[in-house]
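In what follows, a single structure is set out as structure tokens and then discussed.
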Amino acid sequence: MTTEYVKPLPYIHAETKAYWDGAKSHELLIRKCVTCGQFHFYPREFCPACLSSDVEWVKASGRGTVYSVTVCHRPAPRFEKDVPYNLALIELEEGVRMMSNIVDCPNDDIKIGMTVEVVFDSVTPEVTLPKFRPLK
Amino acid sequence: MSSLTRKAAIVGVGESDLGYTPDKTFLQLIGQATQRALDDAGLKKSDIDGLFSAGWLTMESIMVAEYLGIQPAYSDNTLPGGSAFEFHVEHAAAAIAAGLCETALICYAETRLSDRKRKMGLNFATGSPQEPEEQFEIPYGQWVPIPTYALAAQRHMYQYGTTSAQLAEIAVAARKWAELNPAASMRDPLTVDDVLASPMMSTPLRLRDCCLVSDGGGAVIITTAERAKSLRKKPVWVLGCGEAHTHRSITGMPDLTVTPAKFSGERAFRMAGLTPSDIDVLQLYDSFTITVLLQLEDLGFCPKGEGGRFVEDQRLAPGGSQPANTGGGGLSCLHTGMFGIFLLTEGTRQLRGEAGQRQVPDARHALCNGIGGSLASSGTVILGVE
């Protein structure tokens, strides 16, 4: 028996569809500006450094470090069964930050500065969430 | 850049009933606060020609104007979060200096505690699908505001060795001020150990690191230099203001240990021609203990990374060398959702010498700093009396 996934899912816009399609095929795609060379996150059709529209999708290495992490003892709506759960900001090797969860690691063992790598959690047939685990 | 120094003064302040007001709507509370601020100034409603209002309902400022029977010539509903009213002071002073209005009302109220009990509360955790957080944060269990501030606190601890006991000092100091304020909700003594034993909310923030949830509102009346001198109360001059925002989501915050108070503070001090050592009393947005610590650093009261040591030994408490949040703050007096209005009412009372038992002796310069969103926006207002 499968249980229905009840947590919030992203509403996927055309602007970000490539990111979510990438996640489904286990690739972490981020945006890079062709004009000025800056990476950015979340993905936009404009570079937030120089406002150029010439932005390309680049496959990130998937490796990064934990920039900050908190263990939530009070849940967001629909995360009640997960308490306590972690919420982390990951700084990717490319220099941008994204929010995620750390998996395959007890909450107490998650440390800022720890090296992590992306894993893909297919939470529904349509949506795969990039998450991170300690790099062995 | 032209200066707004002494172009406008706060001449009236008022608060509604505070704490838990289940029999009143937010509009009633705004009406109460406005009446009290007008009485304080010795002005009539018909004197108001500028309206500065911020709230969460659709076209709320227009609703507020209709309720109060005001048809303003100048209207501003800037809403950068809890710092809104510090932004409004700058905007009002600019509008007054430009001759676009003469007497401005800044007003706001919410009934968050009553709404929560009625299960009518706002739910910021499920925003519009248009919001980037909805796609890139909320699916991971993000909610505002506690985890976002917790992430900043964790990073500060990692970079600078700040401790939970140091954060607790801020909550304890706020409580000591609240013990002196009859309007405060939480007046029982509180110790560092009590804070450290309170329930964990989101590491490292515990319950007593977090502000209260309350009902209430406030109003501030600002007018021209000329008119201010003819009114009932000693004018509280706007000496300097600054505003800044650097991001919206916590993921987008450029450095989790640096708030936009660094920029709004620099602008306000430059305009006022003052430095932190000139400030007698601080009113700092205390949504969380970490919020205060970051502002102390970013506004230049101590070097970056030294905030933890700076707040030790109850420096912010009654009798301390840097009195802050003299009404008890959001941590122990009340927090209605956007605390910034109360920074201004308390700062004004301190400068007029009206703060009773909690009066800071000879207070001549006050700094009020509002922080909004996920440490996203900051408005700094430096006030002074002759």
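Protein chains in written order, with this note's numbering: chain X, -16 to 119; chain F, 34 to 419. No residue lacks a Cβ here, since even glycine has one placed at the ideal position from N, Cα and C. Remember, it's a predicted structure, so these values are computed and weren't measured experimentally.
Using CA atoms only, rank isn't needed, just tell me which of the options is closest to residue i.
{"i": "residue 99(X)", "options": "117(X), 35(X), -6(X)", "result": "117(X)"}
{"i": "residue 103(F)", "options": "277(F), 180(F), 334(F), 83(F)", "result": "83(F)"}
{"i": "residue 115(X)", "options": "103(X), 7(X), 89(X)", "result": "103(X)"}
{"i": "residue 348(F)", "options": "189(F), 222(F), 202(F)", "result": "202(F)"}
{"i": "residue 269(F)", "options": "292(F), 386(F), 92(F)", "result": "386(F)"}
{"i": "residue 357(F)", "options": "343(F), 339(F), 370(F)", "result": "343(F)"}
{"i": "residue 281(F)", "options": "46(F), 178(F), 135(F), 128(F)", "result": "178(F)"}
{"i": "residue 370(F)", "options": "135(F), 321(F), 293(F)", "result": "321(F)"}
{"i": "residue 50(X)", "options": "84(X), 58(X), 9(X)", "result": "84(X)"}
{"i": "residue 117(F)", "options": "277(F), 328(F), 332(F)", "result": "277(F)"}
{"i": "residue 209(F)", "options": "415(F), 288(F), 47(F), 225(F)", "result": "225(F)"}
{"i": "residue 121(F)", "options": "414(F), 279(F), 285(F)", "result": "414(F)"}
{"i": "residue 35(X)", "options": "43(X), 23(X), 24(X), 19(X)", "result": "19(X)"}
{"i": "residue 132(F)", "options": "256(F), 262(F), 293(F), 410(F)", "result": "256(F)"}
{"i": "residue 56(X)", "options": "196(F), 236(F), 229(F)", "result": "236(F)"}
{"i": "residue 300(F)", "options": "283(F), 313(F), 290(F), 273(F)", "result": "273(F)"}
{"i": "residue -11(X)", "options": "115(F), 174(F), 143(F)", "result": "174(F)"}
{"i": "residue 41(F)", "options": "119(F), 128(F), 94(F)", "result": "128(F)"}
{"i": "residue 192(F)", "options": "101(F), 290(F), 409(F)", "result": "290(F)"}
{"i": "residue 372(F)", "options": "113(F), 341(F), 153(F)", "result": "113(F)"}
{"i": "residue 76(X)", "options": "107(X), 97(X), 28(X)", "result": "97(X)"}
{"i": "residue 199(F)", "options": "339(F), 361(F), 416(F)", "result": "339(F)"}
{"i": "residue 90(X)", "options": "-14(X), 68(X), 30(X), -2(X)", "result": "68(X)"}
According to the neighbour-count rule (16 or more other Cβ atoms, all chains shown, within 10 Å of its Cβ), is residue i buried or exposed?
{"i": "residue 0(X)", "result": "exposed"}
{"i": "residue 303(F)", "result": "exposed"}
{"i": "residue 78(X)", "result": "exposed"}
{"i": "residue 395(F)", "result": "exposed"}
{"i": "residue 72(F)", "result": "exposed"}
{"i": "residue 189(F)", "result": "buried"}
{"i": "residue 92(F)", "result": "exposed"}
{"i": "residue 6(X)", "result": "buried"}
{"i": "residue 113(X)", "result": "buried"}
{"i": "residue 158(F)", "result": "Confidence in residue 158(F) is poor, its pLDDT being 46 and thus under 50, which makes the residue's placement too unreliable to answer from."}
{"i": "residue 151(F)", "result": "exposed"}
{"i": "residue 382(F)", "result": "buried"}
{"i": "residue 8(X)", "result": "exposed"}
{"i": "residue 243(F)", "result": "buried"}
{"i": "residue 80(X)", "result": "buried"}
{"i": "residue 90(F)", "result": "exposed"}
{"i": "residue 135(F)", "result": "buried"}
{"i": "residue 14(X)", "result": "buried"}
Are the beta-carbon atoms belonging to residue i and residue j less than 8 Å from one another?
{"i": "residue 52(X)", "j": "residue 93(X)", "result": "yes"}
{"i": "residue 68(F)", "j": "residue 50(F)", "result": "no"}
{"i": "residue 324(F)", "j": "residue 374(F)", "result": "no"}
{"i": "residue 400(F)", "j": "residue 315(F)", "result": "yes"}
{"i": "residue 337(F)", "j": "residue 345(F)", "result": "no"}
{"i": "residue 241(F)", "j": "residue 223(F)", "result": "yes"}
{"i": "residue 397(F)", "j": "residue 213(F)", "result": "no"}
{"i": "residue 245(F)", "j": "residue 219(F)", "result": "yes"}
{"i": "residue 283(F)", "j": "residue 411(F)", "result": "no"}
{"i": "residue 184(F)", "j": "residue 72(X)", "result": "yes"}
{"i": "residue 54(F)", "j": "residue 144(F)", "result": "yes"}
{"i": "residue 119(F)", "j": "residue 402(F)", "result": "yes"}
{"i": "residue -6(X)", "j": "residue 170(F)", "result": "no"}
{"i": "residue 126(F)", "j": "residue 271(F)", "result": "yes"}
{"i": "residue 359(F)", "j": "residue 251(F)", "result": "no"}
{"i": "residue 137(F)", "j": "residue 85(F)", "result": "yes"}
Residue i touches chain X at which residues, Cβ-Cβ below 8 Å?
{"i": "residue 188(F)", "result": "50, 51, 95"}
By the criterion of Cβ-Cβ separation under 7 Å, what are the contact partners of residue i in chain F?
{"i": "residue 83(X)", "result": "173"}
{"i": "residue 80(X)", "result": "284"}
{"i": "residue 117(X)", "result": "Going along chain F, no residue has its Cβ under 7 Å from residue 117(X), so there is no contact; the nearest lies around 17 Å."}
{"i": "residue -1(X)", "result": "168"}
For a contact defined as C-beta to C-beta under 8 Å, what are the partners of residue i on chain F?
{"i": "residue -10(X)", "result": "172, 174"}
{"i": "residue -14(X)", "result": "Under the 8 Å cutoff, chain F gives no residues; its nearest Cβ is about 17 Å from residue -14(X)."}
Interface residues of chain F around residue i at Cβ under 9 Å?
{"i": "residue 6(X)", "result": "Going along chain F, no residue has its Cβ under 9 Å from residue 6(X), so there is no contact; the nearest lies around 11 Å."}
For residue i, return the contacting residues in chain X, with the cut-off set at a CB-CB distance below 9 Å.
{"i": "residue 14(F)", "result": "This structure cannot speak to residue 14(F), because chain F is shown only from 34 to 419."}
Run down chain X in chain order and give the residues with a C-beta less than 7 Å from the C-beta of residue i.
{"i": "residue 180(F)", "result": "53, 55, 70"}
{"i": "residue 162(F)", "result": "-6"}
Quiz item: Using a beta-carbon distance cut-off of less than 9 Å, what residues from the stretch 316 to 332 of chain F approach chain X?
Solution: none
Exercise. Using a Cβ-Cβ cut-off of less than 7 Å, list which residues of the stretch 182 to 209 of chain F approach chain X; keep chain order.
Key: Cβ contacts with chain X: 183, 184, 187, 188, 191.
Practice problem: Using a Cβ-Cβ cut-off of less than 9 Å, give me the residues of the stretch 56 to 67 of chain X that come near chain F, in sequence order. | Solution: 56, 57, 58, 59, 60, 61, 62, 65, 67
Quiz item: Taking a cut of 7 Å between CB atoms, which residues from the stretch 224 to 249 of chain F lie near chain X?
Solution: 233, 234, 235, 236
Quiz item: Given a limit of 9 Å on CB to CB distance, which residues of the stretch 90 to 114 of chain X reach chain F?
Solution: 90, 94, 95, 96, 106, 110, 112, 114
Quiz prompt | the stretch 96 to 110 of chain F: positions lying closer than 9 Å to chain X by Cβ | solution = none
Self-check item: Near-chain X residues of the stretch 118 to 145 of chain F (beta-carbon distance less than 7 Å), N- to C-terminal order
Solution: So nothing in the stretch comes that close.
Quiz item: In the stretch 267 to 299 of chain F, which residues sit with their C-beta less than 7 Å from some C-beta in chain X, listed in chain order?
Solution: When CB distances to chain X are screened at a threshold of 7 Å, the residues of the stretch 267 to 299 of chain F falling below it are 284, 289, in chain order.
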